[in-house]
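First comes the structure, then the notes that go with it.
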Amino acid sequence: MSNGHLLQLSTAELADAIRAKNYSVSEVLEAHIERILAVNPLINAVVADRFALAREEAKIAERVVMAAKEEEQLPALLGVPCTVKEFWAVQGMPQTGGLVHRKEHRHPATDAEIVRRIRQSGAIVCGVTNVPEGGMWIECANRLYGCTSNPWDLSRTSGGSSGGDGAIVASGGVPFGIASDLGGSIRIPAAFCGAVGHKPTGGLVPNTGHFPAIHPQLSSYLTGGPIARRVRDLALLLEVMSTESCITHAQAVPLPTLDMSAVRVFEVTSNGRQRVSKTVRQGVEKAGAYLRSRGAEVAPFEEPKLRHSFEIWSAMMLEVQHTSYAEVLGGGQALELWREALKLVLGRSEHTAPALGIAALDSAFRKLPKRAAPLQSFVEEGHALQRELEGTLGERGIWLYPVYTRTAPPHNLSLLRPLDVAYTAIVNVLEFPATVVPVGVDEDGLPVAVQVIAKRGNDRLCLGVAKELESAFGGWKCAEPAIARRDSMIDRLRAARK
């Protein structure tokens, strides 16, 4: 096998190959570093690397492999390279949140708990990845690092807020990334870039070491999770991230093949409000049809409360999030938004237009009384929706749902449709687990994906159904076409000038 083949292997396959001594840890690492160096100038996903330290860690891991008496004793992720979203603390690495006033901020001594767990299980962090300013947008852009592009089409967004991880995983730079999700921040980048991603059940994964800091009441809505090449990877990584002690190869629980005749599928192509494109709707229908062919019971499903998804998410977030977005942007002291807007017009602001717009919207909501009738009504509606859906889904039910209203839009176009995140955001406040898996491509060659959602605690059911869909539709494919298209476009421009 060539080193290029390593870029096609899943996290689990790479770990197996290292344990079996088919490849050294250094070979695996160098193949991925080479790939990062090749694609990152185009997509701008990895914003700070730790290649030198990673190479030292690879040498240590190799000694561990050689000294081990049994493969099963080795940590489950030993020698597998990865990236980490810049919001998570990584020892010695930047943790700015894309904010200019934090540009010198580094964590000299500690990892976030989720990072500690993957490293304890043997993973090697290659670098940290780009984020939107402050985190609340689906476009990974800020004044410190610039903008991340979708590897399938560089004119389009990679999604956010974990778009850096989505882009580098999709383009083969690493087999997995550690992300976080408050309104779709794992699932939207995975969908836009053609990777797989899992938002765990609320509270399953610790949020220690995240920026912005997570208030305890918010911890069930925001959760860390993986973006990866294969669904099998998601199951392994979830096991590592949700367990305090090091997971070894022998302890890792494989994802079983489901008896699909025991699964009920609720197919929902729209929330009844944010219009979904024909391509996305057909993706959900295609996934449902395949599961039916495998013996699953596919049932019609309508829930009127889903029309209010964005309002429910906003109201429930406001109820528990005590720090305003303007305070996050201002480093603890709320920005004077009118002043920053003027500076933005004059080209002197340290902040991006989307960040200021979200801060203004958040500020307007916060001026409403906490017990204002509309807000309280949406909070109550959200809790009722959670109870109703859990009753409907039960222990064997999954909900097929769009990730977004369309495939990856051109850069900044999402500013015109800010409520389209409702399809993922509602799942956060319901605290449900959700897995995103590709089910095809659109007419422009962009990935089409679906969410597989289940009741709280049924993460493995989501993953099992997603694995079925991955087997049927092929799952992740390394994103070469965008780079090739860009090269051919440059060649055409050069030719035109001659």
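So the sequence shown is numbered by our numbering: it starts at 12 and just counts up by one.
For each residue, glycine too, the CB sits at the ideal point set by N, CA and C.
- If you check the CB distance, Gly-184 and Ile-323 do not come in under 8 Å.
- Nearest C-alpha to Pro-92 among Leu-25, Arg-359 and Ala-433: Leu-25.
- Counting the other Cβ atoms within 10 Å of the Cβ of Ile-71 gives fewer than 16, which makes it exposed.
- Leu-85 sits away from Ile-129, with the two beta carbons spaced by 8 Å or more.
- Under the DSSP assignment, Thr-140 falls in the beta strand (DSSP E) whose first and last residues are 135-140.
- Around the beta carbon of Ala-261, fewer than 16 other beta carbons sit within 10 angstroms, so the residue counts as exposed.
- In the three-state DSSP reduction, Glu-278 falls in the strand class (E or B).
- Taken through DSSP and simplified to helix, strand or coil, Glu-392 comes out as helix.
- Take Gly-157, set aside five residues on each side of it, and the residues of its chain with a beta-carbon closer than 7 Å to its own are Asn-55, in chain order.
- By the neighbour-count definition (other C-beta atoms within 10 Å, threshold 16), Val-264 is an exposed residue.
- In this structure the region 394-409 does not lie against the region 280-289, because fewer than three pairs of beta carbons, one per stretch, are closer than 8 Å.
- Look at Cys-158 here: in three-state DSSP terms it is strand.
- For Asp-176, the enclosing alpha helix (DSSP H) stretches over residues 174-181.
- For Pro-119, the three-state secondary structure derived from DSSP is coil.
- Nearest neighbour of His-319 by Cα position, chosen from Val-242, Ser-253, His-221 and Tyr-434, turns out to be Tyr-434.
- In this structure, the beta-carbon distance from Gly-214 to Trp-99 does not fall below 8 Å.
- Cα atoms of Ala-202 and Gln-228: separation of roughly 28 Å, rounded to the nearest angstrom.
- DSSP lists Ala-239 as the bridge partner or partners of Phe-187.
- Look at the beta carbons and you see the region 402-421 not touching the region 352-370: under three pairs across the two are nearer than 8 Å.
- Of all alpha-carbon atoms in Gly-145, Gly-133 and Phe-389, the one lying nearest the alpha-carbon of Thr-259 is that of Gly-133.
- Asp-244 has its alpha-carbon roughly 16 Å from the corresponding atom of Thr-254.
- Under DSSP, Lys-297 takes part in no beta bridge, so it has no partner.
- Using a 10 angstroms sphere on the CB of Val-356, the tally of other CB atoms stays under 16, which defines it as exposed.
- Residue pairing for Pro-105: DSSP places it in a beta bridge opposite Arg-117.
- When Val-57, Thr-418 and Val-58 are compared, the shortest CA-CA separation from Arg-292 is found for Thr-418.
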